Amino acid sequence: MLRQTSLLAAAAVLHLAGCACISQSECQYSDWRAVGYEDGSLGRPAHDFGTYRKRCADHGVTPDFGAYQQGREAGLIEYCQESRGFQEGSAGRSYASVCPADSEVKFLYGYHDGRTLHELESGLRSTNRRLRNHEGRIKQIDFELAEKTNALIGVTTTREERLRLVVLATQLAEERSTLKSEISDLLAQREVLQAQLATARQELLTKR
209 MLRQTSLLAA
219 AAVLHLAGCA
229 CISQSECQYS
239 DWRAVGYEDG
249 SLGRPAHDFG
259 TYRKRCADHG
269 VTPDFGAYQQ
279 GREAGLIEYC
289 QESRGFQEGS
299 AGRSYASVCP
309 ADSEVKFLYG
319 YHDGRTLHEL
329 ESGLRSTNRR
339 LRNHEGRIKQ
349 IDFELAEKTN
359 ALIGVTTTRE
369 ERLRLVVLAT
379 QLAEERSTLK
389 SEISDLLAQR
399 EVLQAQLATA
409 RQELLTKR
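Just so we're aligned, residue 209 is where the sequence shown starts under my numbering, counting upward by one.
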């Protein structure tokens, strides 16, 4: 079984996958079939092997491409499934066009469903984040306006200071008005996104 590699091979797989610097011992003793399987099961592009070959050439070692390719093809069988496509899409990960034609259709079917969910959920999170920021800024503006109002009526405030405070208060009031208008737009946008997300989830339940 491909997953049942030696500890050395498994360690090499993890190191090769995560680091561009490959040691001589890794080049010599890695289970290249296991490395290929790991890359295939993670949907990594075939040109990753070129990186391994280049790094190992620095150590005078030629990786076993046949074993690597054999493992990668087995890994792609695991990766190129509709359910995996959905996982990748819903996580917002990119697809490197690695699946063979006969399995790519079902992978992309799941991937597009997952990607749609991801984009709607991301849009909703972004809208909620902007709403929180706007609401927080309005609270800050209200505090600053209260401070300036108190300063305006202060007995020690000079005429020049009052004029300056009036200008600042006007600017803050205008900013507050703009934020309130944007909040109305964001609330409407959130309502649309929530409805679209609910519809998308319901459609997925019907499909699966």
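C-beta atoms are modelled at their ideal positions from N, C-alpha and C, and glycine is treated no differently. Nothing here was measured: the structure is a model prediction, and the numbers come from that model.
Using a threshold of 9 Å, state whether the C-beta atoms of residue i and residue j are closer than that.
| i | j | result |
| --- | --- | --- |
| S311 | I285 | yes |
| A282 | G244 | yes |
| G318 | G297 | yes |
| L395 | L339 | yes |
| R280 | G248 | yes |
| F315 | Y287 | yes |
| D321 | L413 | no |
| L360 | R367 | no |
| L353 | R409 | no |
| I230 | Y260 | yes |
| Q232 | H267 | yes |
| L431 | T364 | Only positions 209 to 416 of the chain appear in this structure, which leaves residue 431 out of reach. |
Could you give the residue range of the alpha helix (DSSP H) that holds residue i?
| i | result |
| --- | --- |
| Q278 | F273 to Y287 |
| A359 | A309 to L360 |
| A377 | R367 to K415 |
| V243 | W240 to S249 |
| T259 | D256 to A265 |
| S291 | E290 to S298 |
Can you list, in chain order, the residues of its chain with a C-beta nearer than 7 Å to that of residue i? Leave out the 5 residues immediately preceding and following it.
| i | result |
| --- | --- |
| R387 | Before going on, a small fix: residue 387 reads as Leu here, not Arg. Closer than 7 Å at the Cβ level, and outside the excluded window around L387, lie H342, R345 and I346. |
| E390 | H342 |
| F351 | none |
| Q236 | V269 |
| S385 | none |
| I349 | L380, E383 and R384 |
Among the residues of its own chain, which have a CB less than 6 Å from the CB of residue i, if the five just before and after it don't count?
| i | result |
| --- | --- |
| A254 | none |
| A403 | none |
| C307 | C288 and F315 |
| R188 | Given that the chain is displayed from residue 209 to residue 416, the structure contains no residue 188 and the question cannot be resolved. |
| K415 | none |
| G300 | H326 |
Once the 5 residues before and after residue i are set aside, which same chain residues still bring their CB inside 8 Å of it?
| i | result |
| --- | --- |
| L401 | L328, G331, L332 and T335 |
Quick test of your reading: residue i and residue j, contact by CB under 8 Å. State the CB separation rounded to the nearest angstrom.
| i | j | result |
| --- | --- | --- |
| A278 | R241 | Reading off the sequence shown, one finds Gln at residue 278, where the question assumed Ala. Confirmed, about 6 Å. |
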